Amino acid sequence: MMVGKNKEITIDPWGKELIQDYSRLIKEFGMQEFDNNIFPEPNLQMRRGINFGGQDLEAIAKCIKDNKPFYVLSGIMPSSEKIHLGTETVIQNIRYFQDHGAKTFVLIADVESQATRGVSLEEGKRRAMEFHIPAYIALGLDIEKTTFYLQSENKEVSNLAAICSQKITENEFRAIYGSVHPAKVVSAFTQMGDILFPQLKERMPGIIPVGIDQAPHIRMVRDVARRLKQEYGFFLPSAIYNKYTSALDGSFKMSKSAEAIGKIEIPEKDLNLLEKKINKALTGGRPTREEQREKGGEINKCTVYEYAKNHFIKDDQILNKMFEECVSGKNLCGECKAKYGVPYAKKFFENFNKNFEEAKKSVGKIKILK
Ligand code: SF4
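Okay, so the sequence shown: first residue is 1 according to this note's numbering, each after it adds one.
See below:
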């Protein structure tokens with residue numbers, strides 16, 4: 001649990017808080033504001049402000065510009081056989097850096113899943129191979145350019161975790177995570193080992209695309225890398241943060257452990273249920289038809305628009321039309337959901353379901369480090 005400078009905002013990687021004021025977050029936690037011009041050919045997530053902040057982004061921009069080695073790393077948490085819709089943003093960012101020259105590492109966090117959720121290592125591996133990895137491929141990960149590993153099979157990660165554990169005091173750990181619960185300790189140090197692991201072979205900058213709830217891990221690994229710098233010469237890992245996608249009632253981030261109701265997760269196999277969820281979602285509709293025709297919808301409060309922008313409508317022109325027709329009062333919410341909300345969500349999942357079946361056939365070709 002990271003507490004901001006004036007102690008009004010906290011970020012907890014295991015919590016469910018909704019953080020709406022991202023500019024305050026940037027100030028309070030000393031993050032870097034994301035500048036759309038920093039990377040060449042920004043992707044949709046960068047262009048649409050879904051990525052809002054980061055750490056040391058220039059180091060990565062320089063590697064891209066000068067064609068120097070760098071890495072991108074992300075983890076699969078096999079604690080269930082569904083993934084958070086926000087993971088799509090992370091995968092698109094991995095893909096972006098992968099396409100811009102990053103050596104790509106995707107780890108299966110089976111040790112962490114066992115420590116924090118009680119999922120056995122065998123079960124974690126099974127879920128990763130049968131669901132998570134094909135889902136990542138279906139969402140755009142290029143397996144030809146990706147190295148996978150299991151935390152439980154990577155001794156170098158365990159060794160690094162032990163080295164990192166020497167560099168943090170109990171009080172510092174408590175200040176960042178709120179407690180020294182044994183599962184949190186195992187999980188946090190294993191993640192540090194993961195984040196630094198690609199630098200064992202070759203010291204180079206690396207970028208970690210994460211949801212903002214994971215910022216405490218980034219802060220701690222950067223502190224540790226700084227303390228290990230003299231001895232090991234690690235680069236401080238960079239990060240790119242994405243915003244939460246709120247729950248369909250607009251209340252809090254869609255956490256995996258939250259109630260299934262009001263959530264859209266990957267996969268959504270029942271498209272009729274998906275339609276019902278979108279039809280019940282919180283919108284920025286005005287109290288009366290007349291008022292909405294006159295003033296337009298309050299689009300910044302609308303989860304249907306948020307989902308369309310963050311995930312379902314990839315074409316900027318179509319998204320602009322949805323926006324225009326909302327704020328001008330041309331569409332009422334029912335019309336808008338029928339024209340944009342439901343069809344594009346269904347299309348997203350139809351594509352996903354089709355690609356997932358194809359992707360299952362390529363799992364045998366992935367490179368897993370032993
Ligand atoms: Fe949301 Fe569409 Fe209603 Fe606008 S018209 S508030 S975008 S559902």
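The C-beta atom is built at its ideal place from N, Cα and C for all residues, glycine as well.
Predicted, not measured: the structure shown is a model, and the values here were computed from it.
Rounded straight-line distance, which links the Cα of residue j to that of residue i
i	j	result
residue 123	residue 169	33 Å
residue 355	residue 332	34 Å
residue 112	residue 327	45 Å
residue 237	residue 342	39 Å
residue 366	residue 271	30 Å
residue 370	residue 277	43 Å
residue 73	residue 291	48 Å
residue 244	residue 363	29 Å
residue 65	residue 41	12 Å
residue 304	residue 69	40 Å
residue 186	residue 319	43 Å
residue 347	residue 273	14 Å
residue 92	residue 232	31 Å
residue 350	residue 176	41 Å
residue 156	residue 217	19 Å
residue 34	residue 53	4 Å
residue 95	residue 360	19 Å
residue 27	residue 194	28 Å
residue 162	residue 315	46 Å
residue 137	residue 289	43 Å
residue 352	residue 131	12 Å
residue 313	residue 201	40 Å
residue 178	residue 317	45 Å
residue 205	residue 268	37 Å
residue 250	residue 302	8 Å
residue 203	residue 165	20 Å
residue 188	residue 148	20 Å
residue 219	residue 334	44 Å
residue 358	residue 345	20 Å
DSSP beta-bridge partners of residue i
i	result
residue 73	105
residue 265	84
residue 33	53
residue 150	108
residue 157	Answer is none; residue 157 lacks a bridge partner.
residue 207	72, 238
residue 368	148
Nearest to residue i (by Cα), restricted to the options the options
i	options	result
residue 239	227, 222, 232, 263	222
residue 198	292, 138, 102	102
residue 117	105, 80, 132	80
residue 31	50, 57, 46	57
residue 167	229, 179, 359	229
residue 297	307, 286, 306	286
residue 83	71, 134, 67	134
residue 63	85, 45, 86, 97	97
residue 266	76, 86, 67, 46	86
residue 127	142, 76, 358, 321	76
residue 144	174, 159, 106, 119	106
residue 226	338, 192, 215	192
residue 368	129, 47, 121	129
residue 55	337, 338, 29	29
residue 173	71, 307, 119, 224	224
residue 120	208, 78, 207	78
Distance between beta carbons of residue j and residue i, contact taken as under 8 Å
i	j	result
residue 275	residue 329	So it is not a contact: roughly 25 Å between Cβ atoms.
residue 61	residue 38	5 Å
residue 108	residue 150	5 Å
residue 247	residue 263	6 Å
residue 300	residue 89	19 Å between Cβ atoms; not a contact.
residue 45	residue 242	6 Å
residue 104	residue 146	4 Å
residue 340	residue 322	5 Å
Heavy atom of ligand 2 within 8 Å of residue i beta-carbon
i	result
residue 299	Only ligand 1 can be found as ligands here, which leaves ligand 2 out of the picture.
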